[in-house]
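Remarks on the structure that follows.
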Amino acid sequence: MEALAALAALTGDEAKAASAAGSAGFAYGLAAIGPGIGIGYLVGKSVEAMARQPEAAGMVRTTMFLGIAFTEALALIGFVVFILIGL
Amino acid sequence: MIALEFPPINEILRWKDLFPGFNKIAIIAVAAALIATIIFLLAGNKDPKQAPKGVRNFAESIVEFIENGIIMQTMGRDGLGWTPFLMSIFTFIYLCNVPGIIPFLQMPATARMALPMFLSLLVWIVFIGTGFKHQGLGYLKSSLFPPGVPKALYILVTPIEFISTFLVRPFSLTVRLFANMLAGHILLVTFALLSEALFQAEGNPGLIPVGVLPLFMLIFLTAFEVLVAFLQAYIFTILTAVYIGGAAHPEH
Numbered sequence: 016m017e018a019l020a021a022l023a024a025l026t027g028d029e030a031k032a033a034s035a036a037g038s039a040g041f042a043y044g045l046a047a048i049g050p051g052i053g054i055g056y057l058v059g060k061s062v063e064a065m066a067r068q069p070e071a072a073g074m075v076r077t078t079m080f081l082g083i084a085f086t087e088a089l090a091l092i093g094f095v096v097f098i099l100i101g102l
Numbered sequence: 053m054i055a056l057e058f059p060p061i062n063e064i065l066r067w068k069d070l071f072p073g074f075n076k077i078a079i080i081a082v083a084a085a086l087i088a089t090i091i092f093l094l095a096g097n098k099d100p101k102q103a104p105k106g107v108r109n110f111a112e113s114i115v116e117f118i119e120n121g122i123i124m125q126t127m128g129r130d131g132l133g134w135t136p137f138l139m140s141i142f143t144f145i146y147l148c149n150v151p152g153i154i155p156f157l158q159m160p161a162t163a164r165m166a167l168p169m170f171l172s173l174l175v176w177i178v179f180i181g182t183g184f185k186h187q188g189l190g191y192l193k194s195s196l197f198p199p200g201v202p203k204a205l206y207i208l209v210t211p212i213e214f215i216s217t218f219l220v221r222p223f224s225l226t227v228r229l230f231a232n233m234l235a236g237h238i239l240l241v242t243f244a245l246l247s248e249a250l251f252q253a254e255g256n257p258g259l260i261p262v263g264v265l266p267l268f269m270l271i272f273l274t275a276f277e278v279l280v281a282f283l284q285a286y287i288f289t290i291l292t293a294v295y296i297g298g299a300a301h302p303e304h
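In order, the protein sequence lines correspond to chains C and V.
In terms of our numbering, the first sequence opens at residue 16 and continues consecutively.
In terms of our numbering, the second sequence opens at residue 53 and continues consecutively.
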């Protein structure tokens, strides 16, 4: 309750900074969900493929890194937004 | 309570100018270029007929990694002519990333936006130029109007392809490298500050042993950054190879 009262007492720029800090956390947290699921799924499937066919491991690994790079970009854009609005 | 004051982002990333327009990040970038050049010049002066050893052995293993690990996997045999370009990109980015974990330097030069941005603009120009060189104006046709799509869908597909090929590619190359190195740097700063604040907790000596935990995390993250520095250089190079390979040979 004390924190809420303190939040209500803020004015102008302070309130803006407080809400920016809060929404920065949300921005990064939400941006990390999708890529987290995506990378987990991608690497899991790649490990499965490598275990089934060890002779194709080199090719699978290259493609896996490509896929990770594309999936990870979303999380990283979220991180940049976090820096831009939060700090 | 402990006093934990996280410094503003400028204090973590901005270094003092040594003289106007030239700070330590520029020194790291120049040093990275010089070190790679010197290593390969030294290696190039060795007698190629003898069995390679020392610096030549090292340089040959890098070339072999670029050829077998990147070009043969993405562009095939035709792409071997791109070895010098891709190898300069790889060594430069790696040597710019690695100072992030070298004591007293502790700053990856690629954690500032400018360096990755110019590298990816260079890659952008190179892959578009390759496309026009190999296919002429057909490059625009094959990249904007992918074959095998119903004619009516081109209204939707062409703008998407334009944005994803010509605008998002350089942007995502930049942001991927920059944000990864920046995130690693901020993580290291956070855990270093946390353990420092816990070790120096005044009036609450019970907190001092707890400071060992973020210290272990810091050591673990430093080891992780060794991996990230290599991986980001590898991913940047492999994406460059994919873009150039895609521009040189259209998909049928």
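Heads up, the beta-carbon is just placed ideally off N, CA and C, and yes, glycines get one too.
Non-local beta-carbon contacts of residue 76(V) in its own chain, meaning distances under 6 Å to residues more than five positions away in sequence, involve 67 in chain order. For the stretch 251 to 280 of chain V, no residue has a beta-carbon sitting nearer than 7 Å to a beta-carbon of chain C. In this structure, residue 92(C) and residue 47(C) do not form a Cβ contact; the two beta carbons are roughly 11 Å apart against a cut-off of 8 Å.
Neighbours of residue 126(V) across chain C, judged by C-beta separation under 9 Å: 77 and 81. Measuring C-alpha to C-alpha distances from residue 171(V) to each of 211(V), 230(V) and 110(V) identifies 230(V) as the nearest. A direct Cα-Cα distance of roughly 15 Å separates residue 86(C) from residue 95(C). In the three-state DSSP reduction, residue 28(C) falls in the helix class (H, G or I). The C-beta of residue 87(C) comes closer than 8 Å to at least one C-beta of chain V. Residues of the same chain with a CB within less than 7 Å of the CB of residue 43(C), apart from the 5 flanking positions on each side, are 93, 94 and 97 in chain order. Each of 266(V), 222(V), 103(V) and 108(V) was checked against the Cα of residue 166(V), and the nearest Cα belongs to 222(V). Residue 41(C) has its alpha-carbon roughly 29 Å from the corresponding atom of residue 262(V). One alpha carbon belongs to residue 288(V), the other to residue 225(V), and they sit about 7 Å apart. In the same chain as residue 197(V), and ignoring 5 residues on each side of it, the C-beta atoms closer than 7 Å to its own belong to 206 and 210, in chain order. Under the three-state reduction of DSSP, residue 130(V) is assigned to helix.
Within chain V, not a single residue places a beta-carbon under 9 Å from that of residue 65(C); the smallest gap is close to 15 Å. Chain V has a Cβ within less than 8 Å of the Cβ of residue 84(C). Per DSSP, the beta-bridge partners of residue 71(V) are 74(V). Contact annotation: residue 157(V) and residue 80(V) have beta-carbon atoms nearer than 8 Å.
No Cβ-Cβ contact shorter than 8 Å links residue 132(V) with residue 84(V). Of all residues in the stretch 200 to 233 of chain V, the ones placed with a Cβ closer than 7 Å to any Cβ belonging to chain C are 224, 227, 228, 231 and 232, in chain order. One alpha carbon belongs to residue 188(V), the other to residue 176(V), and they sit about 17 Å apart. Every alpha helix (DSSP H) of 4 residues or more that sits fully in the stretch 175 to 228 of chain V is shown, in chain order, as 190 to 196 and 206 to 214. In this model, residue 71(C) and residue 65(C) are separated by some 7 Å (Cα to Cα). Closest by C-alpha distance to residue 298(V), out of 107(V), 111(V) and 179(V), is 179(V).
With a cutoff of 8 Å on beta-carbon distance, residue 153(V) and residue 277(V) are scored as near each other.
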